[in-house]
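Report on the following structure.
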Amino acid sequence: MKKATILFLTFALSTLSLAQEKLRIKGKLNGLAEGASLILISGEQQVEIPKKGEEFEVEVQLSEAPAPVYLVVKEGQGVRNTRFFLGNETVVIEGSMDNFSQDIRAMNSENDRLRYENYQASKALRLEVDSLQKEAMDLWKQGKTDSIQYIYYNQVEPLGKVTKTLKQVDLVDYSFIADHINTAYGRSMLLYVKDRFTKEELQHLLRLVAPEYKDKKEVQYLDALVNAKKLEIGDSFYDFTALDQKGDKVQFSQFFTGKPVIVEFSTMQCEACQEAAPHMASLAEQIQSKVTYVTYYLDNQTEAMKMYYALKGNKGTMLWNKEGRLNLMNAKYKVEGTPTYIFFNAQGKVVHIQVGNDFALMLQKIKDLVR
Numbered sequence: 002m003k004k005a006t007i008l009f010l011t012f013a014l015s016t017l018s019l020a021q022e023k024l025r026i027k028g029k030l031n032g033l034a035e036g037a038s039l040i041l042i043s044g045e046q047q048v049e050i051p052k053k054g055e056e057f058e059v060e061v062q063l064s065e066a067p068a069p070v071y072l073v074v075k076e077g078q079g080v081r082n083t084r085f086f087l088g089n090e091t092v093v094i095e096g097s098m099d100n101f102s103q104d105i106r107a108m109n110s111e112n113d114r115l116r117y118e119n120y121q122a123s124k125a126l127r128l129e130v131d132s133l134q135k136e137a138m139d140l141w142k143q144g145k146t147d148s149i150q151y152i153y154y155n156q157v158e159p160l161g162k163v164t165k166t167l168k169q170v171d172l173v174d175y176s177f178i179a180d181h182i183n184t185a186y187g188r189s190m191l192l193y194v195k196d197r198f199t200k201e202e203l204q205h206l207l208r209l210v211a212p213e214y215k216d217k218k219e220v221q222y223l224d225a226l227v228n229a230k231k232l233e234i235g236d237s238f239y240d241f242t243a244l245d246q247k248g249d250k251v252q253f254s255q256f257f258t259g260k261p262v263i264v265e266f267s268t269m270q271c272e273a274c275q276e277a278a279p280h281m282a283s284l285a286e287q288i289q290s291k292v293t294y295v296t297y298y299l300d301n302q303t304e305a306m307k308m309y310y311a312l313k314g315n316k317g318t319m320l321w322n323k324e325g326r327l328n329l330m331n332a333k334y335k336v337e338g339t340p341t342y343i344f345f346n347a348q349g350k351v352v353h354i355q356v357g358n359d360f361a362l363m364l365q366k367i368k369d370l371v372r
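Take the sequence shown: its letters are residues 2 to 372, numbered as in this note's numbering.
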């Protein structure tokens, strides 16, 4: 009887603990319009938040936590949002619509404290980038376009003004990641290290990871980023597992059936990808007897992926993964921009890599591919 009572109490406490694992937000946004609506978004989860005047309260169990959480305000045709980094915890959010940005912090959250500190550390530099880009745009509108690229965006010494300031942002972020890599927020920043830091700098970050965090997906992504060779002409493809547009699990290698393969890396967040989608779908149909065309969707929002597939007329093969950009495939292929197209010959060797929509070049490379 005593043993049964102890088991019951243990079960009850465990159940109570699970029931409490929810994100609870109580907040107030000064200046929030009466007709505005509030939405909370985290990954695939989206919840409409009830409000009373400028105050609001919401409770939701995050399926993945801690994680980025977006507070979205819709008013008429306008949409504004700000980002937090939260777990299933109880927090207070207070701010103003006059300053609705990452300056707003979720109080009582250790997770969001780090996000806020990181934002503040580079805030002045990011504001300087915004100012410089506005300055460059004003010159462009005045027709003074001759030296804008060199003065503001030059990538070699002497660095352009914008480029130089962004390099300073990188230094601030690198130091922050190094100091906090053994926290959930620090590891979340690893998604954004590609193309910002040298291989040696990334290797140093990898060495800083405590043994108990080596199996975290962000760390595994970093490991693949460091140790997988960047594909060059003549290299064989990296195989990977993905879901297709029907939700079936497939291997990339199964598309090599004696024909060359073109894989397109794209996302709905890329305007150039959206513009190219119907044209590439049409091209894929035209060449399907000689070339297998595969689209890999880099992000993991199901509805956005379906929207992109619709732009292609719901035709062709669309692959994706639930891990989104943290999938190890993304780290191995080291996609630098979207859309990116990689051409493989029938033997699975890289023959062409193209970033951006140069259709004339693409058509010529396709002709070369099928000769």
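Idealized CB from N, CA, C, for every residue including glycine.
{"Item": "Cβ distance (whole Å) where V292 is taken to contact V371 below 8 angstroms", "Value": "6 angstroms"}
{"Item": "Element boundaries [alpha helix (DSSP H), containing M281]", "Value": "272-288"}
{"Item": "Cβ contact (3+ pairs, closer than 8 angstroms) linking the stretch 39-51 and the stretch 69-89", "Value": "yes"}
{"Item": "Cβ-Cβ separation, M319 to Y298 (assumed contact under 8 angstroms), whole Å", "Value": "6 angstroms"}
{"Item": "According to DSSP, residues forming a beta bridge with F57", "Value": "G28, K52"}
{"Item": "The alpha helix (DSSP H) enclosing V352, as first and last residue numbers", "Value": "Element bounds for V352: not the alpha helix (DSSP H) but the beta strand (DSSP E), 351-356."}
{"Item": "Euclidean distance between Cα positions of F257 and W321", "Value": "18 angstroms"}
{"Item": "Inter-residue CB distance, A332 and A185 (contact presumed, cutoff 8 angstroms)", "Value": "Wrong, their Cβ atoms sit about 19 angstroms apart, outside the cutoff."}
{"Item": "Integer Cβ distance of T268 from D300, believed to fall under 8 angstroms", "Value": "5 angstroms"}
{"Item": "The stretch 182-196 touching the stretch 109-122, judged by at least three CB pairs closer than 8 angstroms", "Value": "yes"}
{"Item": "Residue from V251, L232, F345 whose Cα sits closest to the Cα of E337", "Value": "L232"}
{"Item": "Opposing strand residues paired with P69 [DSSP bridges]", "Value": "F86"}
{"Item": "Reference N89; option with closest CA among L244, E45, E22", "Value": "E22"}
{"Item": "Cβ pair L362, Q355 closer than 8 angstroms", "Value": "yes"}
{"Item": "Exposed unless 16 or more other CB atoms sit within 10 angstroms - verdict on V157", "Value": "exposed"}
{"Item": "I149 versus G161: straight-line alpha-carbon distance, rounded", "Value": "9 angstroms"}
{"Item": "Endpoints, the beta strand (DSSP E) within which V93 is located", "Value": "91-97"}
{"Item": "Outcome for K313 when other beta-carbon atoms lying within 10 angstroms are tallied against a minimum of 16", "Value": "buried"}
{"Item": "Backbone secondary structure at M138 - three-state DSSP", "Value": "helix"}
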